[in-house]
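Here is the structure we will look at, set down as structure tokens.
And the structure:
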């Protein structure tokens, strides 16, 4: 039972980490390699709001999410917009910006170990006799809410429908008067806020460290690559596949191998089936 | 290698993409030294068929035989090695390289090294000279700047010839032309027709996909007509154009445009 | 209408190029000097570097780091701008070369020269074979997968505790003198850069460039694209592995830091700043970046911030890089003309 419950929680956590990246790539074909950095940035901003500015926790969370969204918006406006469509430039520029944010935070003095976000409650619930703390339940709750929210947003709201239209066929959507530039900005901002959301629910489980930024980027890449870059269904299914795989390696192997599993998943998927498990036919064209 | 059999044979070749049947059950033979035309309206699977022959796609079903040898699903570069080369409908020159260097690339291939390239010229001279020789034959003025210009700056007429040159450099047995006449003016086509005849007279078997029927019929003695991926008929040009299904599928709509 | 007289800048090529890019028409010694001057300056400059810096051992070391990074950058530039494979895993070549040299030296007791030579040749082979399955991938997919290779090596070495685990190897033989150390490396760099340039100008190099421009045409020409890419990968591996192997012998130890991200991102920055596609540009870029990062060493991770921002800036503003700019200025007259 342990495996089912904790594997499930791990999977939802992965989904939260990866969803922002997947959304941005799915909508705008923008690989946001600053994703992990925005994740860590939100954690530290929330921490600073609570501990330095003395804001109440919920307000600090909302503030931090707003900062993350704003950071994404600026990232798009000043960096990605100028090099839109040049895929390698997008990768290198966003990766460099992410590196600058992470190492900047490190230089600033956020060395980790001493920074932590408070949990919502320290209580422990029992599911089928397995103890699960409330924070982990919150992770699952937020994950579920996110899925439902995104589903409803892309189905019923006008902006969400525009996002979906662009994801399916950018040129056709542009001809119908959907501004690809504005949706791109919206997508990056939303994706960054989602990275932030993952950060504020997952960070309370441990402490905020810079290295998490690199880790989250790799996790997000692993989930998206295995699921198929740009496929949302694939992202969900892949996070469950990898989440359970990770939990099993931790439970029965060495925790060191957790990362090896993710990295191998990326390499093997790209070599064997570059379009991922659920990628569209289109991405197959990436192969010669 | 048998001297008597067909040089190229397609047996029930089908190519499906998911549910789309781009090519369905196409069979025909090409005899050595022939010029065969393939006609059909847009989307009738002509280019897909070429991709199946040249190894750029692996047919879902059916066989492609070259000199009686099964080459189905062989990688594209191996097919080219055997001596089947093709031009691309959307021209694919190496834009930043000078025109003549575009031909040096195929001259570096194992086949060209083995056979000496176009008419064995590469056995003696260096590759640059052979490339310039081929270009001159195709109508590039040797002493002008044209052969030395970056391929990306050349006009369409020259690019089409460059595509042909890239194939000829390999010293092929079969040349497959994917719409070499499209996008050219009447006078440019008029100068290409004798060129293609000359290439054929030098022993090459040629398979031509064309929309420009009048010009095609000046060189091709046999025509295969496709519609919706299926072969409707084949035979001499007059017979094929007279075929009711061909008129219905192709000429009826196309004639007004001509 | 504009009342001012219209003027525009006219650019005229110096007329020493005849017909094609690689054919020159030289009619005087002056023109010969004009053509060879920059190259000689570069070569003589690098050869003189250890002599000039001899009084300052610290900067002498920095100069050698410039060469090491330069080699990794040239390898990146070659793959990205000549072959069309953007690899984010420069550290993989470096690390494999380093570890191979360390193993050869410590386990078999090979002297540095042999260990470095063998590590370069064998290491490049290992890298090429390991990366070969990813060669059909393009663009972002190839970038992601190559980014993972060095990370995977680090994690496997850590988790399985092989190859010395997190400790790595120590007690590797150093060089007999400072001068052999310096000149071996500098010669390696010069041979690497100019050898690769020469190779690209040959017909075999032409095929590599053709693959980048249009791989379909290359396949239709009867040449295996995968084969060409594999060869190119091996060549790039030679440079990266040589750098890694040399570095290991310079510092007499190797650890998992040989696969560090720094070594993947700095070469990209050096290439973008120096001018991609030129092979010499990345060396110029390293010549700027390495001393800069030494000056900033006291500020810890701030130096990473600085060079990441510089990199992002160069990418975002689509700069052509220093060397490309300088070459254009050098080869053209400019003057204002009335329109």
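Protein chains in written order, with our numbering: chain A, 76 to 363; chain B, 3 to 260; chain C, 78 to 416. Quick reminder that beta carbons are idealized off the backbone N, C-alpha and C, glycines included.
Among the residues of the region 40 to 73 of chain B, those with a Cβ less than 9 Å away from any Cβ of chain C are 56, 57, 58, in the order of the chain.
Residue 181 of chain C: member of the alpha helix (DSSP H) spanning 167 to 184, first to last residue. Using beta-carbon distances, residue 82 of chain B counts as an interface residue toward chain C, with a partner under 8 Å.
The C-beta of residue 131 of chain B has fewer than 16 other C-beta atoms within 10 Å across all chains shown, which makes the residue exposed. Residue 54 of chain B: member of the alpha helix (DSSP H) spanning 48 to 56, first to last residue.
Contact note: residue 374 of chain C does not reach chain A at a C-beta cutoff of 8 Å; the least C-beta distance is about 13 Å.
Taking 8 Å as the Cβ-Cβ cut-off, the region 286 to 299 of chain C approaches chain B at 286, 287, 290, 291, 293, 294, 295, 296, 297, 298, 299, given in chain order.
Look at the region 210 to 238 of chain C: it has no residue with a C-beta under 9 Å from a C-beta of chain B. Within the region 264 to 341 of chain C, the runs of alpha helix (DSSP H) at least 4 residues long that lie entirely inside it are, in chain order, 280 to 290, 292 to 297, 302 to 328.
Around the beta carbon of residue 131 of chain C, fewer than 16 other beta carbons lie within 10 angstroms, which makes this residue exposed. Here the alpha carbons of residue 335 of chain A and residue 218 of chain A stand approximately 25 Å from one another.
Residue 45 of chain B and residue 114 of chain B have their C-alpha atoms roughly 34 Å apart. For residue 280 of chain C, the chain B residues whose C-beta falls within less than 7 Å of its own C-beta are 106, 110, 129, listed in chain order. One thing to note: residue 160 of chain C has its Cβ within 8 Å of the Cβ of residue 309 of chain C. Taking a 10 Å sphere around the C-beta of residue 380 of chain C, we find 16 or more other C-beta atoms and assign the residue as buried. Its chain contains 221 as the residues whose beta carbon lies nearer than 7 Å to that of residue 199 of chain B, once the 5 sequence neighbours on both sides are disregarded; these appear in chain order. The DSSP-derived three-state label of residue 148 of chain B is helix. Sequence-distant partners of residue 221 of chain C (beyond 5 residues in either direction) whose C-beta falls short of 8 Å from its own C-beta, in its chain, are 165.
The beta-carbon distance between residue 306 of chain C and residue 288 of chain C, rounded to whole angstroms, is 7 Å. This is short enough to meet the 8 Å contact definition.
Per DSSP, the unbroken beta strand (DSSP E) holding residue 200 of chain A starts and ends at 199 to 202. Looking only at C:239, C:180, C:88, the smallest Cα-Cα distance to residue 410 of chain C is reached by C:88. Counting of Cβ neighbours within 10 angstroms places residue 135 of chain B among the buried residues, the total reaching 16 or more. Under the DSSP definition of a beta bridge, residue 200 of chain B lacks any partner. Close CB contacts of residue 23 of chain B within its chain, under the 6 Å cut and outside five residues either way in sequence, are with 231 (chain order). Under the DSSP definition of a beta bridge, residue 13 of chain B partners with B:65.
Residue ranges of uninterrupted alpha helix (DSSP H) with 4 or more members, entirely inside the region 75 to 102 of chain B and ordered along the chain, are 78 to 84. For residue 265 of chain A, the number of other beta carbons within 10 angstroms of its own is at least 16, and it is reported as buried.
Any Cβ of chain A closer than 8 Å to the Cβ of residue 393 of chain C would place that residue at the interface, and such an atom is present.
Contact between the region 66 to 74 of chain B and the region 9 to 16 of chain B is present: 3 or more CB-CB pairs across the two stretches fall below 8 Å. Listed in chain order, the positions of the region 323 to 352 of chain A with a beta carbon within less than 8 Å of a beta carbon of chain C are 329, 331, 332, 334, 335, 338, 339, 341, 342, 345, 346, 349.
Minimum Cα-Cα distance from residue 299 of chain C among the listed residues B:171, B:194, B:182, B:209 corresponds to B:171.
Residue 177 of chain B carries a strand assignment under DSSP once its states are collapsed to helix, strand and coil. The Cβ atoms of residue 238 of chain A and residue 125 of chain A do not sit closer than 8 Å to each other. Close to residue 287 of chain A, with beta-carbon spacing below 8 Å, lies no residue of chain C; the smallest spacing is near 15 Å. Contact between residue 38 of chain B and residue 32 of chain B holds, since their C-beta atoms are separated by about 5 Å, short of 8 Å.
Residue contact with chain C for residue 96 of chain B: present (Cβ-Cβ distance below 8 Å to some residue of chain C).
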